[in-house]
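This report concerns only the one structure given below.
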Amino acid sequence: MALALQRISRAELKTINARLEAGTPQDTLNWVDETFGSEAAQMSSFGLEDQALYHMYWTINPNARLMTLDTLRLPTETYSLFDQTKLRYGVEVEFFYPDMSAVTDMVKERGNNLFYRGVENRKLCCGIRKVEPLGRALSGLHAWITGLRRDQGMDRGSIDIVEWDEAHGNHKVNPLANWSFEQVRDFVDANEIPYNELHDQG
């Protein structure tokens, strides 16, 4: 039986973040594993950051959970990387798919490439292919791990390493928050981590 979610208070989060800011991403992942155990998982897009992060997480816990969204519109190279990652780490990736009846209705009414035709269509497509399955994936977790970095800009510039995710009712953990892209790339290269070959195409 799953344990009840215990929300970490704002005061505790402040203390935890101050400590983790001075440490490494591995320190953060150790904290996640000790605090949440199997009630935590990494949600991965299989980008460079996510590949680096899962290598760290798996090194700490060989049973670390790895989740991803398959929108059914991913590049061939991404599907190849799924297989490479499973072979490298022996992980059973937890796939979450959009509701097929909703996809069928959307495509029937608006076409396969509706997202090219206006903001409303993009929001609809994103909601069906990404937002709804993400909510489903995260609904049973006490914490989820992301590869977000502050220097990616926009609203990511002020993220904490550990946050309360109001939208999903759990803790959101960003171990690479204070890393640069160069640090990520160097880590991937040094550890010969499989990555999406599309990165080499710019």
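Each residue of the sequence shown is one higher than the one before, starting from 85 at the first, in the working numbering. In this text, a Cβ means the ideal position worked out from N, Cα and C, and glycines have one as well. Keep in mind the model is a prediction, meaning the values are calculated, not measured.
* Nearest-angstrom Cβ-Cβ length linking residue 101 and residue 257, presumed shorter than 8 Å -> With 8 Å as the limit, residue 101 and residue 257 do not qualify as a contact, their Cβ atoms being about 10 Å apart.
* How many Å lie between residue 275 and residue 122 at the Cα? -> As the crow flies, the alpha-carbon of residue 275 is around 25 Å from that of residue 122.
* To do: Measure the CB-CB distance between residue 133 and residue 260 and report whether it falls below 8 Å.
  => Yes, Cβ-Cβ distance for residue 133 and residue 260 is below 8 Å.
* **Own chain partners of residue 173 with C-beta closer than 6 Å, once the 5 adjacent residues on each side are dropped** => Residues 142 of the same chain have their beta carbon placed closer than 6 Å to that of residue 173, with the five preceding and five following residues left out of the count.
* To do: For residue 143, name the three-state secondary structure that DSSP assigns.
  => In the displayed model, residue 143 falls within a helix according to three-state DSSP.
* Please report how far the alpha carbon of residue 103 lies from the alpha carbon of residue 263, in whole angstroms. => If you draw a straight line from the Cα of residue 103 to the Cα of residue 263, it is about 16 Å long.
* Tell me where the alpha helix (DSSP H) around residue 285 begins and ends. => Per DSSP, residue 285 belongs to no alpha helix (DSSP H) and is neither H nor E.
* **Distance cut-off 7 Å: residue 257 Cβ against heavy atoms of the ligand ADP** => In the structure shown, the ligand ADP is absent, as is every other ligand, since no ligand is present at all.
* Asked: Who does residue 254 pair with in a DSSP beta bridge?
  -> The bridge partners DSSP lists for residue 254 are 249.
* Asked: What are the boundary residues of the alpha helix (DSSP H) that residue 229 is part of?
  -> For residue 229, there is no enclosing alpha helix (DSSP H); the enclosing beta strand (DSSP E) covers residues 227-229.
* To do: State yes or no: is the C-beta of residue 230 within less than 8 Å of the C-beta of residue 140?
  => Against a cut-off of 8 Å, the Cβ pair of residue 140 and residue 230 comes out as no contact.
* To do: Count the other CB atoms, across all protein chains shown, that sit within 10 Å of the CB of residue 184; report buried if there are 16 or more and exposed otherwise.
  => With fewer than 16 other Cβ atoms within 10 Å, it is exposed.
* Asked: Which of the three DSSP states, helix, strand or coil, is assigned to residue 68?
  -> Outside the modelled stretch of the chain, which goes from 85 to 286, sits residue 68, for which no answer is possible.
* Helix, strand or coil at residue 88 [DSSP, three-state] -> Correct three-state label for residue 88: coil.
* Alpha carbon to alpha carbon, what distance is there between residue 281 and residue 170? -> Spanning the alpha carbons of residue 170 and residue 281 requires a straight line of approximately 16 Å.
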